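Q:
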Amino acid sequence: MTEFSANWQTQELSVVREYVQHVLLDILFQIKGVDAKPAFKGGTALRLLRNSPRFSEDLDFTGWVKPYHVGEWLKQTAKEASRHGLDFKMLESNETSGGWFALMDTQVYDWPARIEWNVSLRASGKAAPHETTLVTSPLWTSYSLTSLATDEMVSEKIQALLRRKEPRDFYDLYFLMRARLGIKKIVGAKPDLLRETAKLNVKEVERELKEFLPRSQLAIAKQLRDALTRELERL
């Protein structure tokens with residue numbers, strides 16, 4: 668973990684958390700007898716699937732099943748993880764107004780790791796546009812999972828940004844634009860995105876992102892409001 672921490676210019680806890688995320692995702696998408704797995708999305712998906720520099724704490728999904736099934740998936744996933752030496756304590760696992768929320772703790776050597784699960788469930792029961800993706804990482808063996816299709820993932824990221832206005836969402840938007848992902852979706856929301864970007868508190872952005880970005884990206888965090896505004900205005 669120390670070697671990866673040095674190479675990735677981040678704290679060891681971020682590496683440990685990402686290792687745990689890989690283990691859980693691999694197990695979740697191997698569970699037998701489940702017809703409709705959730706689709707992976709959010710900041711962690713952008714990092715693991717699209718190589719975003721930003722580390723993330725959460726595992727976010729969109730699903731189209733009954734809430735009960737989500738609770739069972741998470742229970743089975745935590746149980747199977749013990750075979751890989753990860754013993755989880757389930758702190759919370761409950762249905763919410765829009766899906767399911769869970770919080771798990773584990774320990775990897777001397778490092779405690781907490782994983783937050785957020786599953787949004789579609790009331791219609793209709794599957795969201797999704798695709799199968801191969802995940803590769805030096806932290807874990809390769810595995811396949813279901814993720815939201817790129818445009819759908821970007822659309823949900825934009826909705827999340829406009830709803831909660833978290834600095835990490837603005838950084839993710841900046842990454843998406845630089846990577847030329849979901850540009851048509853971003854163009855469609857350009858006026859709203861410019862309006863919210865102008866309200867960004869520079870010190871708050873730097874304070875929050877410091878924990879999740881490699882050292883090479885910290886200069887961008889300090890200038891995120893101006894950099895993102897320039898990118899949006901170019902569209």
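One rule links them: number in my numbering = place in the sequence shown (from 1) + 667.
Think of the CB as a built atom: it goes at the ideal place given N, C-alpha and C, for glycine as much as any other residue.
Owing to the predicted nature of the structure, the values given are computational and were not obtained by experimental measurement.
1) Considering only the alpha carbon of each residue, which of L758, P705, V821, S681 lies closest to G855?
2) Spatial neighbours of A865 within its chain, please: C-beta separation below 8 Å, excluding the five flanking residues on both sides.
3) Hey, would you say K704 sits closer than 9 Å to E823, going by beta carbons?
4) The alpha helix (DSSP H) that contains A748, what's its start and end?
5) So what's M668 in DSSP terms, helix, strand or just coil?
6) One question on the structure: do L812 and L692 come within less than 9 Å of each other, judged by their Cβ atoms?
7) Take every Cβ of the region 709-719, pair it with every Cβ of the region 831-849, and state whether three or more of those distances are shorter than 8 Å.
8) Which full runs of the beta strand (DSSP E) of 3+ residues lie inside the region 763-789, going along the chain?
9) Could you tell me the distance, in whole angstroms, from the CA atom of Y838 to the CA atom of K877?
10) Beta-carbon within less than 7 Å of G765's beta-carbon, same chain only, minus the 5 sequence neighbours each way: which residues are those?
11) How big is the Cα-Cα spacing for A748 and E783?
12) When you compare only the Cα positions, how much space is there between A795 and Q826?
13) Leaving aside the five residues before and after S681 along the sequence, list all residues of the same chain whose C-beta is less than 6 Å from its C-beta, in chain order.
14) Here's the rule: buried if 16 or more other CB atoms are within 10 angstroms of the residue's CB, otherwise exposed. What is I853?
15) Reducing DSSP to helix, strand and coil, say where K852 ends up.
16) Ignoring anything shorter than 4 residues, give me the alpha helix (DSSP H) runs that lie fully in the region 694-721, in order along the chain.
17) Residues bridged to T799 by DSSP?
18) Go ahead and pull the three-state DSSP assignment for L758.
19) With 16 other CB atoms within 10 Å as the buried threshold, where does A745 fall?
20) Tell me whether E685 is buried or exposed, calling it buried when 16 or more other Cβ atoms sit within 10 Å of its Cβ.
A: In short:
1) Along the sequence shown, one-based indexing puts residue 855 at 188. Here the closest residue by C-alpha is V821.
2) Locating residue 865 in the sequence shown gives position 198, where the first residue counts as 1. R892, T896, listed in sequence order.
3) For the purposes of this step, residue 704 is taken as residue 37 along the sequence shown, with counting starting at 1. For the purposes of this step, residue 823 is taken as residue 156 along the sequence shown, with counting starting at 1. Not in contact: K704 and E823 (Cβ atoms no closer than 9 Å).
4) Sequence index remark: in the sequence shown, residue 748 carries index 81 (1-based). Where A748 is concerned, the enclosing alpha helix (DSSP H) stretches over 734-748.
5) As a working note, residue 668 is residue 1 in the sequence shown. Here M668 sits in coil by DSSP.
6) Translated into positions along the sequence shown, residue 812 becomes position 145. Translated into positions along the sequence shown, residue 692 becomes position 25. Yes, the pair counts as a contact, with Cβ atoms nearer than the cut-off.
7) yes
8) 766-775, 778-788
9) The residue you call residue 838 lines up with position 171 of the sequence shown. The residue you call residue 877 lines up with position 210 of the sequence shown. One C-alpha to the other measures close to 12 Å.
10) To locate residue 765, count along the sequence shown from 1; it is residue 98. If we look at G765 and ignore the five residues flanking it on each side, its Cβ neighbours are S787, L788.
11) As a working note, residue 748 is residue 81 in the sequence shown. As a working note, residue 783 is residue 116 in the sequence shown. Cα to Cα, A748 sits roughly 16 Å from E783.
12) Position 128 of the sequence shown, counted from the first residue, corresponds to residue 795. Position 159 of the sequence shown, counted from the first residue, corresponds to residue 826. Their backbone Cα atoms lie some 15 Å apart in a straight line.
13) Along the sequence shown, read from residue 1 onward, the residue named residue 681 stands at position 14. Here the set comprises F722.
14) Along the sequence shown, read from residue 1 onward, the residue named residue 853 stands at position 186. It counts as buried.
15) Taking the sequence shown and counting its residues from 1, the one referred to as residue 852 is at position 185. Residue state, collapsed to three classes: helix.
16) 709-717
17) As a first step, residue 799 is located in the sequence shown; it is residue number 132 there, counting from the start. Its beta-bridge partners are T813.
18) Here residue 758 is taken as the residue at index 91 of the sequence shown, counted from 1. DSSP places L758 in strand when its eight states are reduced to three.
19) To locate residue 745, count along the sequence shown from 1; it is residue 78. It is buried - the Cβ of A745 has at least 16 other Cβ atoms within 10 Å.
20) Residue numbering aside, residue 685 sits at position 18 when the sequence shown is read from its first letter. E685 is buried by the Cβ-count criterion.
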